[in-house]
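Here is the structure we will look at.
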DNA sequence: ACAAAAGTGTTATTTCTACACCCATGC
DNA sequence: GCATGGGTGTAGAAATAACACTTTTGT
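Residue numbers (this note's numbering), protein chains in the order written: chain A, 2 to 250; chain B, 2 to 250.
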């Protein structure tokens, strides 16, 4: 069993990743079930002393999902004292999640940087648990289990940020397959926003962003009119991400 | 001379505050001129082990400006390795900014949480330097001196964030005097955005937000028509901050 | 009475919203 | 041929943008 080597890590600093996926018309998050416990946790990690924090977040993402070079954004820094719960490290030792030698390291004041990622469900290999967890799985946002420490709060904040970002940025690349239909894209938006949108207006608005390419193919096999398959125009997509949609002033 | 007691501080974690003020139709930032150096720095500090990071940022703000309970927002976490410049702590000791006993503590990997604040220039007492600085002063954004380490980058990022926030949130409270005229408010927006706006359309849009109260008084003393004085409707202002202006979806 | 800046109104254009109808496909 | 969901158009309302004239004030 390989426990972590705390010597090479920045003390008191952790990373928590809220990894969103979209599948079967539901928004899901990747969660880890802690070893010997009913509690779940966000995938996370620590920061090696010679690495950028942003890069370490990308490592966490890749370790759990196998994907890299995709949307991953720092969204909040969690620095409250109340995050540090008395007796928590002791519990971790008891459950064999960390080694006794490391307990002292975990007793220190910890702060955490929150990241959220959008990943295409289908591109992800079987989610990988680590040595602290017995399971790593996609869980629907509507059906969340009890989470460790303040991870519930972190998740909520990430979701809230994502909803706000919808107004300024395109989403969908990385969250949808390479090609997708307009109704699928709409379902994604509706799921993130938690409300229904008008089909016709959605289409018009989305097309006006000018980030979609009509592939001239259709998705067949359904017992109704075959919908057109679109893909993102990556150049325009990334430009839109940079510049944002907002034009208020 | 009182140097810091590093024992009670969270190691490797600092706070940097970008404190914006608005004066004489210019956006300004509060900067500290380092002792025995031509370099300037953002006001900042460290985090006591038993304090929330957000609260410590408020302490930094109050120490420098004397104001409290005003807009102060965490905007980014800076965690790149490149922030930690070889030989920097040594320089700090040489310039008597930190004590030799503390040099080792400063040699550790440091990460930083960036905050920005909006403060009303006139409410601020004479900006207070600390034991690391010989001067604390308002500096125009158009006329920035050379800044220490990555502080220039942090400042730039804060300004960028502020510009984006304009679209979602009201600003002005804390940045303008208690009462102000519509042209003054417009000047603030123009300064932050770095572009001119149409007087008539600005007024209409601003009034449509429904966060202003007409005080029925005028600012006299100018050799032209006396402009109406407004103040913010605080309840509605804070509601607008919560909910945001954006209606995109 | 004049310069300088505040205040107000209107119109054309664009965007948003709320709709209803037709079209393909598999059963 | 019918149920299901995809695709398109349009008219009214609202927001935006561009623009010109009148008012107040100190000198």
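By construction, the Cβ of each residue, glycine as well, lies at the ideal position given by its N, Cα and C atoms.
Keep in mind it's a predicted model, so treat the numbers as computed, not measured.
Cα-Cα separation between residue i and residue j, rounded to whole angstroms
| i | j | result |
| --- | --- | --- |
| residue 2 of chain B | residue 181 of chain B | With a pLDDT of 42 at residue 2 of chain B, under the threshold of 50, the modelled position of that residue is not reliable, and no figure is offered here. |
| residue 234 of chain A | residue 20 of chain A | 24 angstroms |
| residue 30 of chain B | residue 169 of chain A | 27 angstroms |
| residue 192 of chain B | residue 166 of chain A | 25 angstroms |
| residue 102 of chain A | residue 25 of chain B | 60 angstroms |
| residue 35 of chain B | residue 91 of chain B | 14 angstroms |
| residue 99 of chain A | residue 83 of chain A | 21 angstroms |
| residue 223 of chain A | residue 161 of chain A | 34 angstroms |
| residue 7 of chain A | residue 108 of chain B | 18 angstroms |
| residue 211 of chain B | residue 69 of chain B | 26 angstroms |
| residue 56 of chain A | residue 218 of chain A | 38 angstroms |
| residue 72 of chain B | residue 199 of chain B | 27 angstroms |
| residue 203 of chain B | residue 196 of chain B | 13 angstroms |
| residue 9 of chain A | residue 201 of chain A | 55 angstroms |
| residue 51 of chain B | residue 110 of chain A | 8 angstroms |
| residue 12 of chain A | residue 106 of chain A | 7 angstroms |
| residue 186 of chain B | residue 164 of chain A | 30 angstroms |
| residue 85 of chain B | residue 97 of chain A | 35 angstroms |
| residue 87 of chain B | residue 94 of chain B | 13 angstroms |
| residue 153 of chain B | residue 89 of chain B | 16 angstroms |
| residue 157 of chain A | residue 27 of chain A | 16 angstroms |
| residue 151 of chain A | residue 232 of chain A | 37 angstroms |
| residue 244 of chain B | residue 244 of chain A | 23 angstroms |
| residue 121 of chain B | residue 155 of chain A | 33 angstroms |
| residue 37 of chain B | residue 131 of chain B | 13 angstroms |
| residue 240 of chain A | residue 137 of chain B | 39 angstroms |
| residue 208 of chain B | residue 159 of chain A | 33 angstroms |
| residue 246 of chain A | residue 206 of chain A | 11 angstroms |
Contact under 7 angstroms by Cβ, residue i with residue j
| i | j | result |
| --- | --- | --- |
| residue 178 of chain A | residue 123 of chain A | yes |
| residue 45 of chain A | residue 126 of chain A | no |
| residue 33 of chain B | residue 134 of chain B | yes |
| residue 129 of chain B | residue 65 of chain B | yes |
| residue 175 of chain B | residue 213 of chain B | no |
| residue 173 of chain A | residue 54 of chain B | no |
| residue 194 of chain B | residue 250 of chain A | yes |
| residue 216 of chain A | residue 230 of chain A | yes |
| residue 47 of chain A | residue 189 of chain A | no |
| residue 238 of chain B | residue 184 of chain B | no |
Interface residues of the region 165-186 of chain A facing chain B [CB-CB below 8 angstroms]: 165, 167, 168 and 169
My parser needs the beta strand (DSSP E) runs of 3 or more residues fully inside the region 71-154 of chain B; what are they? Every beta strand (DSSP E) stretch that sits fully inside the region 71-154 of chain B and reaches 3 residues is listed by chain position as 73-79, 112-120 and 134-141.
Contact set between the region 107-118 of chain B and chain A, restricted to residues whose Cβ is under 8 angstroms from the partner: Contacts with chain A (Cβ-Cβ distance below 8 angstroms) from the region 107-118 of chain B involve 110, 112 and 114, listed in chain order.
Interface residues of the region 5-22 of chain A facing chain B [CB-CB below 8 angstroms]: 11, 12, 13 and 14
Is the region 33-47 of chain B close to the region 135-150 of chain B, with three or more CB pairs under 8 angstroms? yes
Count the CB pairs spanning the region 72-82 of chain A and the region 98-118 of chain A that are closer than 8 angstroms, and state whether there are at least three. yes
Using 8 angstroms as the cut-off, can you tell me whether the region 10-30 of chain A makes contact with the region 53-66 of chain A, which would need three or more C-beta pairs spanning the two stretches below that distance? yes
Relative to chain A, which residues along the region 41-55 of chain B have a C-beta separation below 8 angstroms, given in chain order? 48, 50, 51, 52, 53, 54 and 55
For the region 215-244 of chain A, enumerate the residues whose C-beta is nearer than 8 angstroms to any C-beta of chain B, in chain order. none
Beta carbons nearer than 7 angstroms to chain A: which residues of the region 79-90 of chain B have them? Residues are counted here when their Cβ sits less than 7 angstroms from a Cβ of chain A; for the region 79-90 of chain B these are 80, 81 and 82, given in chain order.
Of all the alpha helix (DSSP H) runs that stay within the bounds of the region 155-212 of chain B, which reach a length of 4 or more residues? Runs of the alpha helix (DSSP H) spanning 4 or more residues and lying entirely within the region 155-212 of chain B occur at 183-194 and 200-209, in chain order.
Entirely enclosed beta strand (DSSP E) segments - the region 18-79 of chain A, minimum 3 residues: 27-35, 45-49 and 73-79
Positions along the region 188-210 of chain B whose CB lies within less than 8 angstroms of some CB in chain A: Residues 190, 194 and 198.
Along the region 64-79 of chain B, where does the CB come closer than 9 angstroms to a CB of chain A? Name the residues. Closer than 9 angstroms at the C-beta level to chain A, one finds these residues of the region 64-79 of chain B: 75, 77, 78 and 79.
Looking at chain A, which residues of the region 133-152 of chain B have a Cβ within less than 8 angstroms of any of its Cβ atoms? none
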